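Every position in the sequence shown, counted from 1, becomes a number in the working numbering once 46 is added.
Ideal Cβ placement from N, Cα and C applies to all residues, glycine included.
Because the structure is a prediction, the values reported are computed rather than measured.
Worksheet: the structure to be examined is printed underneath.
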Amino acid sequence: MDGKGTEKAPTGANMSNRSFPISDPICQTEDAPFAMDVIRRFGVFDYILYGILTFMATVSLLVFLEECIYIYRKVPANKKSLIIWVNGAAPAIGTMSCLGMWFPRATLFTDMFSGCYFAIVVFKFLILMVEELGGDEAFLKRGGKYKLKISTGPCCCCCCCLPEVAITRRSLFLLKLGSIQFAVLKTAFTIFSIVLYTNDNYHVKDASATGDAIWINCFVGVLTITGLWPVGITFIHLKNTLRTIKIVPKYAMYQLLLILTQLQTAIINILGMNGIIACSPPFPSSIRGYMMSQQLLIMEMFIMTMVTRLLYRRQYDPLPEEQDANENTRMTDLTQSP
């Protein structure tokens, strides 16, 4: 201590033997920063990263708009809106992720919008498979002598004892109902969650039994499983018939979209909320997890946009009539499966 009563800062070897734990106040909070607070802390790397990701999201949206023009010119009327909805999943989610990246406080709402869009795509994809076959009447006519295997994922993949179901108007109606309930109820619960959030009753991090978020999310999880089940049943039944229009890679992209937007996002967010992802000002741990999720989704949706463009950009000619000698145009005969 000098003559003025002030303590000299340690230097040299003394500095290396002492630690100064500095806790940034931002890391002690759970609130997302404002957009301008994030931009003020930008470095060169941040400008490059955000610029590249924004460019990817913009290109995805432009590619989708170009694809919409092609669809309106080349695709039959009964499939136009269906293909646009399915093709728009990746660019729509990528655009919402880009908005959530730039405006961290809006991440909750952008994720909700992406979830609602995916729920609608689940129903649209099922209807698209039926329309690719020729519509409801063609589905019933060509599949009348076969049965539906309902012991499939994600609901009953282990229940091999379940009986096979005859293809009738009632069973087709139930398949559509199983998917559309997910689209309708998911949207309804999203609106309800936003209303609760404005009243400070909905908190994503509240995992207690008395919290609203845990019950809503559990119920939506059940709706998701029951909504995906009819799509899996229909795909297994039609995959041989629709193989010539690349239904298998289309279904694979649909499943990949599910994994990336639901499972991947949930895992990263859980890691962030539990502090496993380190705090990096201006983002606390939980919000940094959300940001990482948004950035990954932008890159992934950019790639998926390009792939789906290749899959759906084709001549939409009618399917050939079913012939027993042609395996590619024959329905899967589940009645003879072991």
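According to the DSSP secondary-structure assignment, residue 329 is paired through a beta bridge with 326. Under the three-state reduction of DSSP, residue 194 is assigned to strand.
Excluding sequence positions up to five before and after residue 164, its CB lies within less than 8 Å of the CB of 135, 139, 303, 304, 307, 308, all in the same chain and listed in chain order. Between the beta-carbon of residue 112 and that of residue 133 there is about 11 Å, and that puts the pair past the 8 Å contact cut.
Linking residue 244 to residue 170 through their CA atoms gives a straight-line distance of about 31 Å.
The continuous alpha helix (DSSP H) containing residue 283 extends over residues 258-284. Residue environment analysis places residue 103 among the buried positions, since at least 16 neighbouring C-beta atoms fall within 10 angstroms of its C-beta. Residues 177, 181 of the same chain have their beta carbon placed closer than 8 Å to that of residue 124, with the five preceding and five following residues left out of the count. Residue 211 sits in a strand when the DSSP states are folded into three classes.
If you look at residue 138, you'll find it in the alpha helix (DSSP H) that goes 135-148. With 16 or more other Cβ atoms from the protein chains shown falling within 10 Å of its own Cβ, residue 334 counts as buried. For the 8 Å CB-CB criterion, residue 131 and residue 166 form a contact. Residue environment for residue 352: exposed (fewer than 16 other C-beta atoms within 10 angstroms of its C-beta). Per the C-alpha coordinates, the member of 175, 108, 85, 242 positioned closest to residue 291 is 175.
Around the beta carbon of residue 328, a 10 Å sphere encloses 16 or more other beta carbons of the protein chains shown; the residue is thus reported as buried.
A straight line joining the alpha-carbon of residue 258 with that of residue 87 spans about 35 Å.
With respect to residue 347, residue 209 sits apart: the two C-beta atoms are not nearer than 8 Å. Under the three-state reduction of DSSP output, residue 294 falls in the helix class.
Annotation: residue 320 is outside any alpha helix (DSSP H) and is labelled neither H nor E by DSSP. Only residues of its own chain outside the window of five on either side were considered, and among them 357 have a CB closer than 7 Å to the CB of residue 295, listed in chain order.
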